[in-house]
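**Q**
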Amino acid sequence: MRILLVEPDAQLAKTYARVLHDDGHEIVAAKTAQSAIHAADAHQPQLVLLEMQLVSHSGIEFLYEFRSYDDWQNIPVIILSIVPPGEFSGNRELLEQALGVVGYYYKPHTTLADLRKLVTKVTIGT
Amino acid sequence: MGHRTRTPAASGVSEQLLLAVAEQMKLPFLQVARLAEAGQLRNTTETLQDIQTTADAALRLLDNYLFGARLSLEGQYALELEPVSVSSVLYDTGHELDKLAKLYGVDLELSFAGKFGPVMANRQGLQSALISLGYTLIEALPSLQSKDLRLQLAAHRCRYGIVAGLYTDVEQLTADALRAGRRLHGNSRQPLATLTHSSGAGVFVADAILHAMDSELTPTRHHKLFGLGTVLKPNPQIQLI
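Protein sequences, first through last, are from chains A and B.
Positions 128 to 253 (this note's numbering) are the ones given, in order, by the first sequence.
Positions 2 to 242 (this note's numbering) are the ones given, in order, by the second sequence.
1) So that I know if they touch, is there some Cβ in chain A lying closer than 8 Å to that of A58/B?
2) Rounded to the nearest angstrom, what separates L254/A and I206/A at their Cα positions?
3) For R129/A, which of helix, strand or coil comes out of DSSP?
4) For S199/B, count neighbouring C-beta atoms within 10 Å of its own C-beta (all shown protein chains included) and say buried if the count is 16 or more, exposed if not.
5) Hey, could you find the ends of the beta strand (DSSP E) S208/A is sitting in?
6) Using a cut-off of 8 Å between C-beta atoms, extract the partners of R145/A located in chain B.
7) Out of L142/B, H96/B, K100/B and R183/B, state which residue places its alpha-carbon closest to the alpha-carbon of Q128/B.
8) Could you tell me which of L131/B, F117/B, L82/B and E83/B sits nearest to D243/B, measuring between CA atoms?
9) Return the chain-ordered list of same chain residues with a C-beta closer than 6 Å to the C-beta of V232/B, the five sequence neighbours on each side being excluded.
10) State the Cα-Cα distance for the pair A155/B and L242/A, rounded to the nearest angstrom.
11) Who does S112/B pair with in a DSSP beta bridge?
12) Which residues bound the alpha helix (DSSP H) around H96/B?
13) Mind listing the chain B neighbours of S216/A? Cutoff is C-beta to C-beta under 9 Å, in chain order.
14) What residue from G166/B, L138/B and E38/B has the CA that sits closest to L101/B's CA?
15) Taking the Cβ atom as the reference point for each residue, do T94/B and G69/B lie within a distance shorter than 8 Å?
16) Just checking my contact of P203/A with V229/A at CB under 8 Å: how many whole Å lie between their CB atoms?
17) What residues from chain B crowd round T142/A, counting only those whose CB sits closer than 7 Å?
18) What is the DSSP secondary structure of R5/B, reduced to helix, strand or coil?
19) For Y105/B, would you say it is in contact with chain A, using Cβ-to-Cβ distances shorter than 8 Å as the test?
20) Mark P237/B as exposed unless 16 or more other C-beta atoms lie within 10 angstroms of its C-beta, in which case mark it buried.
21) Got a sec, what are the start and stop residues for the beta strand (DSSP E) R222/B sits in?
22) Below 7 Å on C-beta distance, what does S144/B contact in chain A?
23) CA-CA distance, A135/A and R71/B?
24) Taking buried to mean at least 16 other C-beta atoms within 10 Å of its own C-beta, is R180/B buried or exposed?
25) Does L49/B pass the burial test, meaning 16 or more other C-beta atoms within 10 Å, or should it be called exposed?
26) List the residues of chain D that T197/B touches, going by C-beta distances under 9 Å, in chain order.
27) Quick one: Cα of A157/A to Cα of T238/A, how far?
28) State yes or no: is the beta carbon of T55/B nearer than 8 Å to at least one beta carbon in chain A?
29) Give a single yes or no on whether H96/B has its beta carbon closer than 7 Å to a heavy atom of the ligand NAD.
30) Using alpha carbons as the reference points, say which of A160/A, A166/A, A137/A and L139/A lies closest to I130/A.
31) Among residues of its own chain, excluding the 5 on either side of L226/A, which ones have a beta-carbon nearer than 8 Å to its beta-carbon?
32) Is it right to say L221/A is buried, meaning 16 or more other beta carbons lie within 10 angstroms of its own, or is it exposed?
33) Between L139/A, L132/A and V133/A, which lies nearest to A34/B when the distance is taken from Cα to Cα?
34) With 8 Å as the C-beta to C-beta threshold (strictly closer), list the residues of the region 177 to 193 of chain B near chain A in chain order.
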């Protein structure tokens, strides 16, 4: 599966990419919302892993932009963020229904093993 | 150390600083945890070096944060100023930040525009402020529009004294960004949203330490680079000579 990893921290991006690559996935990494849109255009990802706290533009802004293109309406997005999901509890409907987020995971509580399972689950479902 | 009066506002500032520091410290812990797990999953020891560098940098950073937070919490203290060599402080700061910079693929450089006599500062305070600031910038640079991932520790003369700071080719290091960050500090988990994806605690710790030296963090330029630094006054006794 071709995965767009939107992760601003260089260290974490490298670690996530290595492990997912070992599982046979193709990883396209982007550190900002803007570069993520360019990367999506160039590589047509099948899954997006998204951090909400980015530089300049937030993950929400990225999602609005991403979903505004017809080609990317149905690509699953998993949020893997340093921002606790509780802070978005009021926007759950918006994230899930309007912006097509299939899961919100808090990074400090999500191990690499958890992440691999999540990605496998999405891979089987698509 | 001299005495100052603690005000309710000062207490609020320290709480904001502690929140930012706590938020910031999640990142190195997260990096270490995931690196360790990756090492186990991939059955390799190649992540061990990165774990050590990340943990060492986090421990040093924590010391600098504690220094700033303690000043802010205790409120009544001001740092004693003494004649300090700026070049020597910048050199030691570079040494402290070197491994972390390498880990993030950032080139660290020293640049002195001329020779400087001693300035009035608190050596430990100045170095802690620059290390805290450096940590934030190193971590932020890869996700900014930096062309060459270069961070310069530099000093130059200005009308009011010597400016010591950290500089990059990133245009987002502006007075507006710093002003907005100070305004949002304590109310937002990402007050310097145009500069860093983290809480930017290093910037606010540097600010707190510099305040205790009767100085402040200020946006500044060095040659064509953009940066944050502080203006230090030359030692008056040396000037008389």
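Quick reminder that beta carbons are idealized off the backbone N, C-alpha and C, glycines included.
**A** So, from the listed chains and residues:
1) Residue 58/B sits at position 57 when you count from the first residue of the second sequence. So, not an interface residue.
2) Outside the shown range of chain A (128 to 253) lies residue 254/A, about which nothing can therefore be said.
3) Within the first sequence, the letter at position 2 stands for residue 129/A. Here DSSP, grouped into helix, strand and coil, assigns R129/A to strand.
4) Position 198 of the second sequence, counted from the start, is the residue given in the question as residue 199/B. Buried.
5) Mapped onto the first sequence, residue 208/A falls at position 81. Counting along the chain, the beta strand (DSSP E) containing S208/A begins and ends at V204 to S208.
6) Position 18 of the first sequence holds residue 145/A. Going along chain B in sequence order, the residues near R145/A (Cβ under 8 Å) are A39 and R43.
7) The sequence position of residue 128/B within the second sequence is 127, counting from 1. Among L142/B, H96/B, K100/B and R183/B, the Cα nearest to that of Q128/B belongs to H96/B.
8) Coverage of chain B is limited to positions 2 through 242, which leaves residue 243/B absent and any answer about it impossible.
9) Counting from 1 along the second sequence, the entry for residue 232/B is found at position 231. Answer for V232/B: Y161, G162 and V164, listed in chain order.
10) Position 154 of the second sequence, counted from the first residue, corresponds to residue 155/B. Position 115 of the first sequence, counted from the first residue, corresponds to residue 242/A. If I take the Cα positions, the gap works out to 42 Å.
11) Looking up residue 112/B in the second sequence gives position 111. DSSP, once it has assigned bridges, lists A155/B as partnering S112/B.
12) Start at 1 with the first residue of the second sequence, and residue 96/B comes out as number 95. Unbroken alpha helix (DSSP H) run through H96/B: V87 to L104.
13) Locating residue 216/A in the first sequence gives position 89, where the first residue counts as 1. Within chain B, not a single residue places a beta-carbon under 9 Å from that of S216/A; the smallest gap is close to 16 Å.
14) For the purposes of this step, residue 101/B is taken as the residue at position 100 of the second sequence. The closest CA to that of L101/B, considering only G166/B, L138/B and E38/B, is found on L138/B.
15) Within the second sequence, the letter at position 93 stands for residue 94/B. Within the second sequence, the letter at position 68 stands for residue 69/B. Cβ distance not < 8 Å, so T94/B and G69/B don't count as in contact.
16) Here residue 203/A corresponds to residue number 76 of the first sequence, with the count starting at 1. Here residue 229/A corresponds to residue number 102 of the first sequence, with the count starting at 1. So it is a contact: roughly 5 Å between Cβ atoms.
17) Against the first sequence, residue 142/A aligns to sequence position 15. The answer, in chain order, is R35, L36 and A39.
18) By 1-based counting over the second sequence, the position of residue 5/B is 4. For R5/B, the predicted structure reports a pLDDT of 47, less than 50, and the residue's modelled location is therefore unreliable. The matter cannot be settled from this model.
19) On the second sequence, position 104 is the one that residue 105/B refers to. By this cut-off, Y105/B is an interface position.
20) The residue you call residue 237/B lines up with position 236 of the second sequence. By the neighbour-count rule (16 or more Cβ atoms within 10 Å), P237/B is not buried but exposed.
21) Residue mapping note: residue 222/B aligns to position 221 of the second sequence, counting from 1. Element bounds for R222/B: T219 to H223.
22) On the second sequence, residue 144/B is found 143 positions in, with the first residue counted as 1. Under the 7 Å cutoff, chain A gives P135, K158, T159 and V182.
23) Taking the first residue of the first sequence as 1, we reach residue 135/A at position 8. Taking the first residue of the second sequence as 1, we reach residue 71/B at position 70. One detail in the question is off: residue 135/A reads as Pro in this sequence, not Ala. P135/A and R71/B: Cα-Cα distance of roughly 30 Å.
24) Counting from one through the second sequence, the residue named residue 180/B turns up at place 179. So R180/B ends up on the exposed side.
25) Indexing the second sequence from 1 puts residue 49/B at position 48. Under this definition L49/B is an exposed residue.
26) No chain D appears in the structure shown, which is made up of the protein chains A and B.
27) Within the first sequence, numbered from 1, the residue matching residue 157/A stands at position 30. Within the first sequence, numbered from 1, the residue matching residue 238/A stands at position 111. C-alpha separation (whole angstroms): 21 Å.
28) Counting from 1 along the second sequence, the entry for residue 55/B is found at position 54. At least one chain A Cβ lies under 8 Å of T55/B.
29) This structure simply doesn't include the ligand NAD, nor any ligand for that matter.
30) Residue numbering aside, residue 130/A sits at position 3 when the first sequence is read from its first letter. Taking only the C-alpha atoms, the option nearest I130/A is A166/A.
31) Here residue 226/A is taken as the residue at index 99 of the first sequence, counted from 1. Contacts found: I187, L190, Y191, R194 and V204.
32) Along the first sequence, read from residue 1 onward, the residue named residue 221/A stands at position 94. Exposed: under 16 other Cβ atoms inside 10 Å.
33) Mapped onto the second sequence, residue 34/B falls at position 33. It is L139/A.
34) Taking 8 Å as the Cβ-Cβ cut-off against chain A, the residues of the region 177 to 193 of chain B that qualify are R190 and Q191.
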